[in-house]
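Worksheet: one structure, shown below.
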Amino acid sequence: MAARDLHGPNPPWAKGFSVVGQPQRKVDGLSKATGEAVYTDDIALPGMLHAKTLRSPLPHARIKSIDVSKALALPGVHAVITGRDLPERYGVIPWTQDETALAVDKVRFVGDPVAAVAALDEDTAVRALELIAVEYEPLHAFLEPEDALRQVEPKIHEDKKNNVSKHVLLDFGDVDAAIAGADVTVEGEFGFHSTTHAPIEPHCAVARVSPDGVLTVWSATQITHYVHRALAKVLALPEQQIRVIQPCLGGAFGGKSDPFSLEFCVAKLALITGRPVKMLYTREEVFYTHRGRHAMKLRYRTGAKKDGRLTGVDAKILIDGGAYSSFGLVTTYYSGQLLTGPYDFPTYRFDSTRVFTNKPPCGPKRGHGSVQPRFAFEVQLDEVAEALGLDPIAIRRKNFQGTHTQTVNGQRITSNGFLECLAAVEAASGWKERRAKLPYGRGLGVAGSMYISGTNYPVYPNEMPQAGVQLKVDRSGLVTAFTGGNDIGQGSSSVVRSIVAEELGLLPEHVRVVAADTDLCPVDLGAYSSRVTFMVGNATIDACRKLRAKIVESVAAKWEVDPARIVMALGEVVDLDDVTHRLSVREAFHLAEARHDTLGSTGAYNTPELGGKYRGGTIGASPAYSFTAHVADVRVDVETGRIHVDKIWVAHDCGRALNPTLVAGQMDGSVYMGAAETVMENHAVSARGLHTGPSLLDYPIPTTLDTPEIESWIVESIDPEGPYGAKEAGEGPLHSAIPAIANAVYDAIGIRLRELPFTPAKVLRALGEQAERVESRRQRPVQAAE
Amino acid sequence: MLRLPQFSVETPSTLEAALGLLADHAGRALPVAGGTDLLPNLKHRLAEPEVLISLADVGELRGISVGADGALSIGAMTPLDQVANHPEVLARAPALAQAAGIVASPQIRRMGTLGGNVMLDTRCRYINQTHFWRKALGFCLKKDGTVCHVVAGGQKCVAAASNDTAPALMTLGGELVLRSKAGGERRMKVDDLWKTDGIFNKKTRLDELVVSVHVPAQRPGHRGAYGKLRERESFDFPQLGIAVRIDLDGREVADADVALVALQARPLHLKDVADTLRGTTVGETSFRDAVDKVAERAHQQCHPLPNIPGDADYRREMVPVYVRRTLLSAVGLGQRPVS
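Chains as they are written, first to last, in this note's numbering: chain U, 1 to 786; chain Y, 1001 to 1339.
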């Protein structure tokens, strides 16, 4: 059985850390900065064909016929495939597999893949697409989840009873009685729009079939293992015959977690033509492929006692899923399961319904499923504080759930540095002196949140470890670590390198990491749910400890000393009690290899049993939770309605910061993304189901000039089970940025914005309504700030 | 990546050769200056020329000079970045410098040219999209289609003039020096350049090139500013662009002009600006009241359509705000450029 965090947060040898906790360069930092890094699209193989996808121009239609004969006849075209060539369904969640690589009989959104062409070059492939004749019978398009709930026919997925993708209703305690017994109850509706990941690298895949029939697929994916499994299923090939490799990746943010149409298409086209095949999506296709943030309509009811203690929280959430399930089952659970911290909820209920619509499918985006409810709840908590005349930070402190406790929905909380996070942003922002005291138009807002460090729900049920690492020792003094973990820019391979260097006493540059190649690396479940540092980190420690024991034992035998006296650090092995005993790590490797034969080891991690004993109780149950607090400083131009987010202070409890540079980078990136979603980004379709502007001009992501100043405070609550006490840092620091901005706007201009995004037009409208309200109370109209 | 259509490229090194090529390939060729707008448009299949005539090597189209009379002459191929930062332009035509300096992003201003920005094609949320997208929509009047998606039943294309430098040149009395092989050289006031037709909103001929932009000497008390409404602080085309000229005699307004862009197919002069502001004194309530009056008139005269990105009602609400702020900026009472 896999090691279940048996190693503890501190190193067992008598010295401090020599690598962990120090700022370290990323393993691929220089190659990316110099342009040497090889991304999937950089791969060019002899005889390689280029493939393109034909997509549906209609949001919902039956395919009456497809004629590919003219396309096939075009010189330079090698193959054309349609849904009939790849009819096997797939989907990342085994219970909701409703996608096919190319549409079979029906299309479900504008951009749904219909056919694929492989040709000598991209231009020929583009011309061939124009020669494919598809006859559609348009069907009613469901563009709003309410419409899809109200009207069942024509169902988006014909084998379902209706258009509901997933419904979860979970009750913890008597919420109604608890809220009825509260001194104050606040109720309100909130809207969270859809946003997308916008990674700079578009999806890309290359396939090659070797003469002996081995299919290799290089793909810009963040989960090699699931792509491997899905390819075997859809292509009906044995898994041993397939190798999946993730090259250097240019951003993912959750948007490369599903198996995607292009991976199956290049594989199938390579199998048909016997040639390597590449497909690179255009930016427009990335917008259609989407899997971004679900739009949600959320209704919350929160009760509290006079002293601010919450009595109960009641949520009803309608989730717009888009055309397919993707991770939607998990999204639906996450929309409720991840709200029960950092505050103690004595009672809680959530009733979440994910509905199919004829829009690009939604999926996991940084802070999967929990960013939207966090926004709504943290704004409502501000309203509760106001109703009770409490300081917004005070009410959050008052409800702190504590450390080493259990939530109302059965989640085990271990380390919890939320109070330190609150204290850090409170002090740094000058909260006490400035909140509610700034001139009209300027304000401060606070919010808090928590997130998982992986979950013990392994997507497909199995008893095997969730992370595995293998080490290989070279006589040169180099150690190579093999991990299935996907480095998607978050720095997971750098984390592995730091841990191996720490454990085996190596300089970091004497550790190489080979990642995300299914032929070479032990299985890891991939880069999602912020699981990699925690799980792969623990597996790496596990592998290192086994190897280290052999090396230390060999050296101890030579020196004839107690192995406990031996320390390995930064390339050297020394005897703490006798400084004349000194070897290089390389020499120690030689001693150990002579004594134990060829050196290597494996390590693994699996979660302990976690979660409530009810259906879905393990979804969102994590071995450790990260905690975050944000304070936002905003300026509202009341003439233009524009919200300027001048500064955000973020404090994040990531357990031990293994590499503070990487942690701070993740915090900065999270705040950037959260602020962008709040005031700018909007992934939307028009009344005919067509994307409003699938380009980086029409879908604005902030430039450096639009980015708030960010001050990041790392809080280290050493977790008992994390690798050296580490937890996640990649997603948690996004969540409460959004409600902190909303609450700051309230402090600035007295307006509660409950519908994202906060566009200038929306702010002006709200200001107009406020002015009317004020005038109707015959008070002085609000003065416009200059 | 989106693919460019197939075309051949000519790279003449003299203006005469360029004009010759343009005449030889009349109707089948397009000139390319910085290419920052044309190439994306080609990828979107908004034009399908057989030949691109690159002006990159035509040295005589570059450069900024000041005539004996104090007029500015700016070669059409002068990068926007140079226009924005040139001391003579900053001193003599601040609105133009500000407008050129706020086009798109720093990289694009180093590639994009003044002539290219003046000759920029009109823009619309329904046209600056891929061929797939436009086809899914059913195409539109401007290219490949017969309907307008902005104005239901509309028979005239309302794609918006989106060139930041155009209104600045209009307030400055700017002129284009145009040349063709057949017609030789002629001058056209930037004011006279426009047609109210989003398909092609200029009165130039297909075989004609902009050689230079001429900005006459302004009065000694000349003030100018540019204001731009946009979603981001860089990259974005204007959702509203406002150029202002105020000529002062001491602190008294002697003359004034306001021109706007990103409303409809052509940039507009605001009416009655000079009459309203003339005779008022900067720093006194007479000036502030007149500015408010001009802003209010602007609100009455400007009707943004839902043609370019940005809520049309919001853009209209912003007309008086930006007109007022830009006027105040011109006389040094606010920040500049206004954005």
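Idealized CB from N, CA, C, for every residue including glycine. Given the structure is predicted, the values throughout are model-derived calculations rather than measurements.
Quick one: what's residue i bridged to in DSSP?
{"i": "Val92 (chain U)", "result": "In the DSSP output, where bridge partners are listed per residue, Val92 (chain U) has none listed."}
{"i": "Gly443 (chain U)", "result": "U:Val634"}
{"i": "Gln1300 (chain Y)", "result": "Beta-bridge pairing links Gln1300 (chain Y) to no other residue."}
{"i": "Gln241 (chain U)", "result": "Gln241 (chain U) pairs with nothing; no bridge assigned."}
{"i": "Cys1140 (chain Y)", "result": "Y:Lys1143, Y:Asp1144"}
{"i": "Phe350 (chain U)", "result": "U:Leu170, U:Ala315"}
{"i": "Tyr1226 (chain Y)", "result": "Y:Ala1243"}
{"i": "Ala115 (chain U)", "result": "U:Leu54, U:Thr82"}
{"i": "Trp559 (chain U)", "result": "Bridge partners of Trp559 (chain U): none, in fact."}
{"i": "Cys248 (chain U)", "result": "U:Tyr39"}
Going by other Cβ atoms of all chains shown within 10 Å of its Cβ, with 16 needed for buried, is residue i buried or exposed?
{"i": "Met1001 (chain Y)", "result": "exposed"}
{"i": "Lys15 (chain U)", "result": "exposed"}
{"i": "Val579 (chain U)", "result": "exposed"}
{"i": "Ser449 (chain U)", "result": "buried"}
{"i": "Met1119 (chain Y)", "result": "buried"}
{"i": "His1303 (chain Y)", "result": "exposed"}
{"i": "Arg582 (chain U)", "result": "exposed"}
{"i": "Glu1185 (chain Y)", "result": "exposed"}
{"i": "Pro781 (chain U)", "result": "Residue placement at Pro781 (chain U) is flagged as unreliable, the pLDDT there being 42, under the threshold of 50; the coordinate-derived value follows with that caveat. Exposed, because fewer than 16 other Cβ atoms sit within 10 Å of the Cβ of Pro781 (chain U)."}
{"i": "Asp98 (chain U)", "result": "buried"}
{"i": "Gly250 (chain U)", "result": "buried"}
{"i": "Ile200 (chain U)", "result": "exposed"}
{"i": "Glu1016 (chain Y)", "result": "exposed"}
{"i": "Val1009 (chain Y)", "result": "exposed"}
{"i": "His404 (chain U)", "result": "exposed"}
{"i": "Pro94 (chain U)", "result": "exposed"}
{"i": "Gln989 (chain Y)", "result": "No information on residue 989 (chain Y) is available, as it lies outside the stretch 1001 to 1339 that chain Y covers here."}
{"i": "Gln779 (chain U)", "result": "Bear in mind that the predicted position of Gln779 (chain U) carries a pLDDT of just 48, short of 50, making it too unreliable to give a figure here."}
{"i": "Asn462 (chain U)", "result": "exposed"}
{"i": "Lys432 (chain U)", "result": "exposed"}
Kindly indicate if chain Y contains any beta-carbon less than 9 Å away from that of residue i.
{"i": "Val826 (chain U)", "result": "The structure shown does not extend to residue 826 (chain U), since chain U is modelled only from 1 through 786, so no value can be given for it."}
{"i": "Val134 (chain U)", "result": "no"}
{"i": "Pro798 (chain U)", "result": "Residue 798 (chain U) is absent from the structure shown; chain U starts at 1 and stops at 786."}
{"i": "Thr759 (chain U)", "result": "yes"}
{"i": "Pro694 (chain U)", "result": "yes"}
{"i": "Phe680 (chain U)", "result": "Correcting the residue type first, residue 680 (chain U) is Met in the shown sequence and not Phe. Closer than 9 Å to some Cβ of chain Y, the Cβ of Met680 (chain U) qualifies, so yes."}
{"i": "Gly616 (chain U)", "result": "no"}
{"i": "Arg800 (chain U)", "result": "Since the first and last residues shown for chain U are 1 and 786, residue 800 (chain U) lies out of range."}
{"i": "Thr273 (chain U)", "result": "no"}
Tell me, please, whether the CB atom of residue i is closer than 9 Å to any CB atom in chain U?
{"i": "Ala1161 (chain Y)", "result": "no"}
{"i": "Val1321 (chain Y)", "result": "yes"}
{"i": "Thr1344 (chain Y)", "result": "Nothing in the structure corresponds to residue 1344 (chain Y), since chain Y is present only between 1001 and 1339."}
{"i": "Asp1311 (chain Y)", "result": "yes"}
{"i": "Asp1236 (chain Y)", "result": "yes"}
{"i": "Leu1046 (chain Y)", "result": "no"}
Quick one: any contact between the stretch 198 to 206 of chain U and the stretch 760 to 770 of chain U, if contact means 3 or more CB pairs under 8 Å? Taking a contact to require three or more Cβ pairs closer than 8 Å, the stretch 198 to 206 of chain U and the stretch 760 to 770 of chain U do not qualify as touching.
Hey, which unbroken runs of the alpha helix (DSSP H) at 4 residues or more fall wholly within the stretch 1069 to 1101 of chain Y? Whole alpha helix (DSSP H) segments, 4+ residues: 1080 to 1085, 1087 to 1092, 1094 to 1100.
At least three beta-carbon pairs within less than 8 Å, the stretch 623 to 642 of chain U to the stretch 500 to 513 of chain U: Judged by Cβ distances under 8 Å, the stretch 623 to 642 of chain U makes no contact with the stretch 500 to 513 of chain U, as fewer than three pairs qualify.
Would you call the stretch 209 to 216 of chain U in contact with the stretch 266 to 276 of chain U, where contact means no fewer than 3 C-beta pairs closer than 8 Å? The stretch 209 to 216 of chain U, when compared against the stretch 266 to 276 of chain U, does touch it at the 8 Å Cβ threshold.
Is there contact here, the stretch 655 to 664 of chain U with the stretch 708 to 723 of chain U, by at least three beta-carbon pairs under 8 Å? Because the criterion of three Cβ pairs below 8 Å is met, the stretch 655 to 664 of chain U and the stretch 708 to 723 of chain U touch.
What runs of the alpha helix (DSSP H), each 4 residues or longer, lie entirely inside the stretch 165 to 205 of chain U? Within the stretch 165 to 205 of chain U, the complete alpha helix (DSSP H) runs of at least 4 residues are 175 to 180.
Under 8 Å, with one C-beta from each stretch per pair, do the stretch 349 to 368 of chain U and the stretch 313 to 326 of chain U reach the 3-pair mark? The stretch 349 to 368 of chain U is in contact with the stretch 313 to 326 of chain U.
Any chance the stretch 485 to 496 of chain U sits against the stretch 410 to 428 of chain U, with 3 or more Cβ pairs inside 8 Å? Here the stretch 485 to 496 of chain U does not lie against the stretch 410 to 428 of chain U, with fewer than 3 beta-carbon pairs under 8 Å apart.
Just to confirm the assignment: which complete beta strand (DSSP E) runs, minimum length 3, are found wholly within the stretch 396 to 471 of chain U? Along the stretch 396 to 471 of chain U, the beta strand (DSSP E) occurs as fully enclosed runs of 3 or more residues at 442 to 452, listed in sequence order.
Is it true that the stretch 678 to 687 of chain U meets the stretch 552 to 559 of chain U, where meeting means three or more beta-carbon pairs spaced less than 8 Å apart? No, they do not touch.
Which full runs of the alpha helix (DSSP H) of 4+ residues lie inside the stretch 250 to 281 of chain U, going along the chain? Correct list: 261 to 273.
Would the stretch 1252 to 1266 of chain Y count as touching the stretch 719 to 728 of chain U if we require 3 or more Cβ pairs under 8 Å? By the Cβ test, the stretch 1252 to 1266 of chain Y is not in contact with the stretch 719 to 728 of chain U, since fewer than three Cβ pairs between them sit closer than 8 Å.
Quick check: the stretch 104 to 111 of chain U against the stretch 71 to 91 of chain U, are at least 3 beta-carbon pairs closer than 8 Å? Here the stretch 71 to 91 of chain U lies against the stretch 104 to 111 of chain U, with 3 or more beta-carbon pairs under 8 Å apart.
Examine the Cβ distances between the stretch 1077 to 1088 of chain Y and the stretch 1129 to 1139 of chain Y and report whether three or more of them are shorter than 8 Å. In short, these stretches do not touch, since the Cβ pair count stays below three.
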